[in-house]
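Structure, as structure tokens:
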Amino acid sequence: MSGTHQHAGGGHAHGTDGTAVPYRALAVTASNRASAGVYEDKGGPLLVEGLRVMGFAVDGPKVVPDGEPVRELLQEAVRSGYAVVLTTGGTGISPTDRTPEMTRSLLDHEIPGIAEAIRAEGRTKVPTAALSRGVAGVAGRTLIVNLPGSTGGVKDGLAVLAGLLPHAVDQLHGGDHPQPPAESSAQPATTSQPDASVSAAPRGDDPR
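Note that this note's numbering gives residue 194 to position 192 of the sequence shown, counting from 1, and the numbers run on in steps of one.
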């Protein structure tokens, strides 16, 4: 994003004047039937709501048929500089479920742990969550994550992403890793001959 410093966390970058500027995110629904108007897209609006809660400026949901249209939309999203793209749908094992293949063809590298965590969360609710083939990874500076097509699968995925997505995006745009609290520099000096008037602390108080 022009005119911003790309590291702020919490779904935000910093503008040149120091103000918080939300990272841009896109919600995508992959579904032949939803794109044809056979039924209402319910997963996409959930993605939009979840991303907004995380602090992103969200576009969509954009609804496209399964397969090649998904790849074309993702490719355009990467070119447009979106920080995050979340998809719902097309991750199962039916012949038309091609979202993972379309996504993987654009990735510079995968982040298997994200997809594994989403499947693990889903399996706590329904065993069939193990059939999801969704992938996650980075294309350019865009983080793309596939979520299942069911509303329950979307909610499970968002529950996982809420704890890591803002930080992952911040890292992708140059943010620092969280640092552990600094140890106090005012540690008492250790001497070989302590003042005899001061009683030695019991061994049980040794902070080690």
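In this text, a Cβ means the ideal position worked out from N, Cα and C, and glycines have one as well.
Given Val128 as reference, the closest of Ser152, Ala85, Glu74 once Cα atoms are compared
Within the sequence shown, numbered from 1, the residue matching residue 128 stands at position 126. Closest by alpha carbon: Ser152.
As assigned by DSSP and simplified to three states, the class of Ala22
Looking up residue 22 in the sequence shown gives position 20. Strand at Ala22.
Beta-carbon spacing of Val140, Met104 below 9 Å
Residue 140 sits at position 138 when you count from the first residue of the sequence shown. Residue 104 sits at position 102 when you count from the first residue of the sequence shown. The answer is no: Cβ separation not under 9 Å.
Using the C-alpha atoms, what's the distance from Ile146 back to Arg81?
The count along the sequence shown starts at 1 and reaches residue 81 at position 79. The count along the sequence shown starts at 1 and reaches residue 146 at position 144. Straight-line Cα distance between these residues: approximately 13 Å.
With H, G and I counted as helix, E and B as strand and the rest as coil, what does DSSP make of Leu145?
As a working mapping, residue 145 is identified with position 143 in the sequence shown. DSSP places Leu145 in strand when its eight states are reduced to three.
Going by beta carbon distance, what residues of the same chain come within less than 8 Å of Thr193, once the five residues before and after it are set aside?
Here the question's residue 193 lines up with position 191 in the sequence shown. The predicted model places Thr193 with a pLDDT of 40, which falls under 50 and marks its position as unreliable; any figure quoted below should be read in that light. Cβ neighbours of Thr193 beyond the five flanking positions: none.
Where does Lys44 fall in DSSP's three states?
The residue given as residue 44 occupies position 42 in the sequence shown. It is coil, neither helix nor strand.
Grab me the residues of Leu28's own chain with a C-beta within less than 6 Å of its C-beta, minus the 5 sequence neighbours each way, in chain order.
Against the sequence shown, residue 28 aligns to sequence position 26. Counting only Cβ-Cβ distances below 6 Å, and skipping sequence neighbours, we find Asp61, Gly62, Ala79, Tyr84, Val87.
Where Leu174 sits in the DSSP three-state scheme
The sequence position of residue 174 within the sequence shown is 172, counting from 1. Here Leu174 sits in helix by DSSP.
Going by C-alpha to C-alpha distance, which of Lys64, Leu160, Gly177 sits closest to Asn34?
Here residue 34 refers to the residue found at position 32 of the sequence shown. Of the listed residues, the one whose Cα sits closest to Asn34 is Lys64.
Looking at Thr89: is its Cβ nearer than 9 Å to the Cβ of Leu76?
Along the sequence shown, one-based indexing puts residue 89 at 87. Along the sequence shown, one-based indexing puts residue 76 at 74. A contact, by the Cβ cut-off of 9 Å.
Exposed unless 16 or more other CB atoms sit within 10 angstroms - verdict on Asp43:
Looking up residue 43 in the sequence shown gives position 41. Buried: at least 16 other Cβ atoms inside 10 Å.
Using only the alpha-carbon positions, how far apart do Val50 and Val30 sit?
The residue labelled residue 50 in the question sits at position 48 within the sequence shown. The residue labelled residue 30 in the question sits at position 28 within the sequence shown. Approximately 9 Å between the Cα atoms of the pair.
With Gly136 and Ile120 assumed to form a contact (beta carbons below 8 Å), what rounded beta-carbon distance in angstroms separates them?
Position 134 of the sequence shown, counted from the start, is the residue given in the question as residue 136. Position 118 of the sequence shown, counted from the start, is the residue given in the question as residue 120. About 6 Å; that satisfies the 8 Å criterion.
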